[in-house]
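A.B. asks: Numbering (our numbering), first residue to last: 1 to 378.
We put the CB at the ideal spot given by N, CA and C, even for glycine.
What follows is a structure written as C-alpha cells; I'll ask about it next.
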C-alpha cells in the first residue's frame with residue numbers, strides 16, 4: 001500500500017506521487033513547461049514531475065535557484081543530480097544559484113555529534129565545489145558559519161510561522177531546535193530575494209522537501225518583506241540500490257561521489273534490484289521489467305543522455321535480448337564515466353576553505369539581507 005506519510009524527515013514504503021500532488025497542492029508539469037526548460041533528462045523524462053509557479057520562473061528575466069544539503073554523510077548520486085541540474089539552469093539561463101548547507105539541522109534531527117557534522121561538511125563542500133558553479137553567480141551559505149545572516153532572518157520569520165502551521169505541516173517537534181528550523185529553512189529559500197530584491201526563485205527538490213517551500217510561501221505571502229513566493233520543482237526519488245525508497249546517505253547502500261570504479265561496479269552487481277526473471281531461460285522467453293529495475297531507472301533519470309539509446313536498452317530488456325547482468329554493467333559504465341569527471345574536478349581543488357571564499361556572501365550582501373528584515377547594523 002502507498003505510504004500516507006511523506007515528510008522532510010521520514011519516507012517509508014511505496015510513494016503515490018499523484019496522491020502527493022493533491023495532498024501538497026502542487027501542479028503536474030505540462031509538456032509545454034518541459035519544453036521551455038533548458039534540455040535536461042531530469043525534466044525531459046519526468047523525474048521532475050510537478051511544481052509551483054513554474055511559468056513565472058520561466059517567463060522571468062531575473063531568476064535564482066535554491067537547492068541545498070544537510071551534511072549527514074558523504075554525498076551520493078541523488079544529491080549530485082539535483083546540483084548538476086541547478087548548474088544546467090545557471091549555464092543556460094544565467095540564473096543565480098544559492099546553496100544552503102544546514103549543518104545545524106543535523107544536530108537537531110540526527111543522532112550525530114557536532115564533530116561528525118563538521119567532518120561531513122568539509123567533504124560535502126568539496127563535492128559542491130567540484131560541480132563547477134560560477135562563483136560570480138553562486139553563494140554557498142553554511143548555517144553555523146553564516147549565522148550573522150541566517151539567524152536574524154530566521155528570527156524575523158520565526159514570528160510568522162505559527163505553532164498551528166508548524167504542527168500541521170511537520171507534526172509535533174521533538175525539541176525546540178526542530179520547532180525553530182522551519183524559520184531557518186525559510187531564511188534559506190527567501191535569501192536570494194532579500195539580497196537582490198524581489199524576483200522569481202525556483203527550488204528544485206525531492207518531493208518530501210516540499211513542506212519547507214510551502215511554509216516559506218506562507219511567510220512571503222504576508223508581504224512583510226521584499227520577497228515573492230518562491231516556486232518549486234518537485235522530483236521523484238532516485239531509488240536506493242535495493243529497490244523502492246529514497247536513496248540515503250546514512251541508510252542502505254548508496255553510490256557515493258567518491259566511490260572508485262570497482263566499488264561502483266561491486267555495489268551495482270551485488271545490491272542493485274532488477275526487473276529480471278529467475279533464470280536466464282525465463283528472462284529470454286518473457287523479458288524483464290524496466291519499470292522496477294533500478295539500473296534502468298538510474299540510466300533513465302540521468303546517466304544515459306541519448307534518448308534513442310535508452311529506448312533501445314528498454315526494448316531489448318523487455319524482449320529478453322538484454323540480461324539483467326548486462327544492464328547492470330551498462331549502468332555501471334555510465335555512472336563510472338560521470339564520477340570520473342566529478343572526481344577529477346574534486347581532486348584538482350585546493351584547500352576547501354580557500355576555494356569556498358569566492359562563493360561566500362559579501363559584506364554588502366549580508367547587510368542587505370539583514371536590512372531587508374529590519375536587522376541592519378548601524
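1) Can the beta-carbon of residue 143 be found closer than 8 Å to that of residue 99?
2) Should residue 249 be labelled buried (16 or more other beta-carbon atoms within 10 Å of its own) or exposed?
3) In the DSSP assignment, the alpha helix (DSSP H) including residue 335 goes from what residue to what residue?
4) Does residue 255 come out as helix, strand or coil in the three-state DSSP assignment?
5) From residue 62 to residue 284, what distance separates their C-alpha atoms?
6) With a threshold of 8 Å, are at least 3 pairs of Cβ atoms found where one atom belongs to the stretch 102-120 and the other to the stretch 341-356?
7) Unbroken beta strand (DSSP E) runs of length 3 or more, entirely within the stretch 109-194: which are they?
8) Unbroken beta strand (DSSP E) runs of length 3 or more, entirely within the stretch 209-235: which are they?
9) Measure the C-alpha to C-alpha separation of residue 29 and residue 204 and round it to an integer number of angstroms.
10) May I ask you to list the residues that DSSP assigns as paired with residue 240?
11) So, residue 381 versus residue 230, is the Cβ gap smaller than 8 Å?
12) Return helix, strand or coil for residue 365, following the three-state DSSP convention.
13) Using the beta-carbon count (16 or more within 10 Å), is residue 175 buried or exposed?
14) For residue 226, which residues of its own chain have a beta-carbon under 8 Å away from its beta-carbon, when the five flanking residues on both sides are left out?
15) Quick check: what's the CA-CA separation for residue 286 versus residue 292?
16) Grouping DSSP H, G and I as helix and E and B as strand, with all else coil, what is residue 273?
17) Within this structure, are the beta carbons of residue 35 and residue 301 separated by less than 8 Å?
18) In or out: residue 139 buried (at least 16 other Cβ within 10 Å) or exposed?
19) Where are the beta strand (DSSP E) runs, 3 residues long or more, that stay fully inside the stretch 75-111, in chain order?
20) Would residue 111 be called buried (16 or more neighbouring beta carbons within 10 Å of its own) or exposed?
21) Pick helix, strand or coil for residue 63, following the three-state DSSP scheme.
22) Can you have a look at residue 52 and say buried or exposed, based on whether 16 or more other CB atoms are within 10 angstroms of its CB?
23) Excluding five sequence neighbours on each side, which residues of the same chain lie with their C-beta closer than 7 Å to the C-beta of residue 430?
24) Could you have a look at residue 304 and say whether DSSP puts it in helix, strand or coil?
25) Using a Cβ-Cβ cutoff of less than 6 Å, which residues in the same chain neighbour residue 200 once the five nearest sequence positions on both sides are dropped?
26) Closest by CA to residue 81, which one among 335, 365 and 148?
27) With distances taken Cα to Cα, identify the nearest neighbour of residue 108 among 122, 137, 162 and 182.
28) Could you have a look at residue 201 and say whether DSSP puts it in helix, strand or coil?
29) Reducing DSSP to helix, strand and coil, say where residue 52 ends up.
30) Given this structure, state the Cα-to-Cα distance separating residue 298 from residue 31, to the nearest angstrom.
31) In whole angstroms, what separates the C-alpha of residue 37 from that of residue 289?
32) Within 10 angstroms of its Cβ, does residue 172 collect 16 or more other Cβ (buried), or is it exposed?
C.D. replies: Working from what's here:
1) Looking up residue 143 in the chain shown gives position 143. Looking up residue 99 in the chain shown gives position 99. No, Cβ-Cβ distance for residue 143 and residue 99 is not below 8 Å.
2) Here the question's residue 249 lines up with position 249 in the chain shown. Confidence in residue 249 is poor, its pLDDT being 49 and thus under 50, which makes the residue's placement too unreliable to answer from.
3) Here residue 335 refers to the residue found at position 335 of the chain shown. Element bounds for residue 335: 324-348.
4) Position 255 of the chain shown, counting from 1, holds the residue named residue 255. If DSSP states are grouped into helix, strand and coil, residue 255 belongs with coil.
5) The residue given as residue 62 occupies position 62 in the chain shown. The residue given as residue 284 occupies position 284 in the chain shown. Each residue's Cα considered, the two are about 53 Å apart.
6) no
7) 138-142
8) 231-235
9) Taking the chain shown and counting its residues from 1, the one referred to as residue 29 is at position 29. Taking the chain shown and counting its residues from 1, the one referred to as residue 204 is at position 204. Between residue 29 and residue 204, the C-alpha separation is close to 13 Å.
10) Residue mapping note: residue 240 aligns to position 240 of the chain shown, counting from 1. Residue 240 is bridged to 243.
11) The structure shown does not extend to residue 381, since the chain spans only 1 to 378, so no value can be given for it.
12) Position 365 of the chain shown, counted from the start, is the residue given in the question as residue 365. Three-state result, residue 365: helix.
13) Sequence index remark: in the chain shown, residue 175 carries index 175 (1-based). With fewer than 16 Cβ atoms within 10 Å of its Cβ, residue 175 is classed as exposed.
14) Looking up residue 226 in the chain shown gives position 226. Within the same chain, residue 226 has close Cβ partners 193, 194, 197, 198 and 372.
15) In the chain shown, the residue the question calls residue 286 occupies position 286. In the chain shown, the residue the question calls residue 292 occupies position 292. Each residue's Cα considered, the two are about 15 Å apart.
16) As a working note, residue 273 is residue 273 in the chain shown. Coil.
17) Here residue 35 corresponds to residue number 35 of the chain shown, with the count starting at 1. Here residue 301 corresponds to residue number 301 of the chain shown, with the count starting at 1. For residue 35 and residue 301, no; Cβs fall outside 8 Å.
18) Numbered from 1 along the chain shown, position 139 holds the residue referred to as residue 139. Buried, since its Cβ has 16 or more Cβ neighbours within 10 Å.
19) 96-101
20) Start at 1 with the first residue of the chain shown, and residue 111 comes out as number 111. The residue is exposed, with fewer than 16 neighbouring Cβ atoms inside 10 Å.
21) Your numbering for residue 63 matches position 63 in the chain shown. Three-state DSSP puts residue 63 in a strand.
22) Here residue 52 corresponds to residue number 52 of the chain shown, with the count starting at 1. Answer is buried; the Cβ neighbour count reaches 16.
23) Any answer about residue 430 is impossible in this case: the structure gives the chain only from 1 up to 378.
24) Taking the first residue of the chain shown as 1, we reach residue 304 at position 304. Here residue 304 sits in coil by DSSP.
25) Start at 1 with the first residue of the chain shown, and residue 200 comes out as number 200. 56, 57, 60 and 63.
26) Translated into the one-based positions of the chain shown, residue 81 becomes position 81. Minimum Cα distance to residue 81 is reached at 335.
27) By one-based count along the chain shown, residue 108 stands at place 108. Minimum Cα distance to residue 108 is reached at 182.
28) Within the chain shown, residue 201 is the residue found at index 201, counting from 1. In this structure, residue 201 counts as strand in the three-state DSSP scheme.
29) Taking the first residue of the chain shown as position 1, residue 52 is located at position 52. Strand.
30) On the chain shown, position 298 is the one that residue 298 refers to. On the chain shown, position 31 is the one that residue 31 refers to. Answer to the nearest angstrom: the Cα atoms are 22 Å apart.
31) In the chain shown, residue 37 corresponds to position 37, counting from 1. In the chain shown, residue 289 corresponds to position 289, counting from 1. Each residue's alpha carbon lies about 30 Å from the other.
32) In the chain shown, the residue the question calls residue 172 occupies position 172. It is exposed - the Cβ of residue 172 has fewer than 16 other Cβ atoms within 10 Å.
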